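Taking numbering that gives the first Met the number 0, the leading residue of the sequence shown gets 0, the next gets one more, and so forth.
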Amino acid sequence: MWVRSEYASELAVLSAWIAVLLPWNVAYQPNAPPDGQASVYFFRFALFEVQFRRPWVFEINGDVTEAMEPLDITYGGTQLFGNVYAMLPTSAVTFHDGMMGQASLLWALAALAFAVAFALSLALYFREQEVAEKLPVSEVQLMGGLLGVGAVGTVGASALYLTARDSTGVPIPVGALVVAVLAVVLLQTEEVDPGG
């Protein structure tokens, strides 16, 4: 491939960091259920989801009140501060059912692959030679495989989220596609033995 063999390991490390730091999916739901008067922005990263919510606002006897409970019931998550919420993939699996539950399960499996890839990247960053010698396969190929599993899981989850777009908005899987490209590049990169 176009990657110079002496930089293949560095690309593997960088790819894992990109996979963890880049949102694999973003979505905006302008008419959030159950009443269609609230909205939610979703930023799904490899290991967590961040939600920015605009609550349902209504007026009773001249007093303006915000209601977050309908969004809590529909989307779950833990309030971080203000209208910012977070959810882990494992929490999403237990919170959602049906198509959303299946999407969350794919995300959780992808998150596991990304977590292992990130751990491997840290090991390679700090002790590349020792780690590479102990692995039964090339560290670059292993990273490509892990990122490939993560990309398949997140693209599949995005497709399932698309079927539930009435409640989750239209997912844009930009990060998932970037990670898929990085996985293919890593899997096609051939390392040259420096001694040969």
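All residues carry an ideal CB built from backbone N, CA and C; glycine is no exception. All values reported here derive from a predicted model rather than from experimental measurement.
task: Grab me the residues of Val-248's own chain with a C-beta within less than 8 Å of its C-beta, minus the 5 sequence neighbours each way, in chain order.
output: In the structure displayed, the chain extends from 0 to 195; residue 248 sits before or after that span and is not available.
query: Which residues bound the beta strand (DSSP E) around Met-86?
result: 83-86
- request: Please classify Gln-78: is it buried, with 16 or more other beta-carbons within 10 angstroms of its beta-carbon, or exposed?
  value: exposed
task: Answer yes if the segment 155-175 comes into contact with the segment 131-145, meaning at least three C-beta pairs across the two stretches below 8 Å, and no otherwise.
output: no
Best match in Asn-60, Leu-161, Lys-133, Phe-117 for proximity to Leu-10 [C-alpha to C-alpha]: Phe-117
- prompt: Near Val-178, which residues of its chain fall below 8 Å by C-beta distance, leaving aside the five closest residues on each side in sequence?
  reply: Ser-14, Ile-17, Ala-18, Leu-21, Trp-23, Leu-146, Gly-149, Ala-150, Thr-153
task: From the DSSP output, in three-state form, read off Ser-137 for me.
output: coil
query: Using the beta-carbon count (16 or more within 10 Å), is Gly-194 buried or exposed?
result: Any reading at Gly-194 must be qualified, since the residue scores a pLDDT of 47, below 50, and its modelled position is unreliable; no value is offered.
- prompt: Where do the ends of the alpha helix (DSSP H) carrying Tyr-40 lie?
  reply: Per DSSP, Tyr-40 belongs to no alpha helix (DSSP H); it is in the beta strand (DSSP E), 37-43.
query: Is there contact here, the segment 95-109 with the segment 120-128, by at least three beta-carbon pairs under 8 Å?
result: no
message: Less than 7 Å between the beta carbons of Phe-51 and Val-83, yes or no?
response: yes
query: Who does Phe-51 pair with in a DSSP beta bridge?
result: Tyr-40, Val-83
- request: Give the range of the beta strand (DSSP E) segment to which Ala-163 is assigned.
  value: Premise fails: Ala-163 is in no beta strand (DSSP E) and is neither H nor E.
task: My understanding is that Ala-31 touches Ala-37, with C-beta atoms under 8 Å, so please give their C-beta distance in whole angstroms.
output: 4 Å
- request: Could you spell out where the alpha helix (DSSP H) holding Val-12 opens and where it closes?
  value: 7-20
query: Are there 16 or more other CB atoms within 10 angstroms of the CB of Leu-134, so buried, or fewer, so exposed?
result: exposed
Inter-residue spacing [alpha-carbon to alpha-carbon] between Pro-88 and Ala-7: 30 Å
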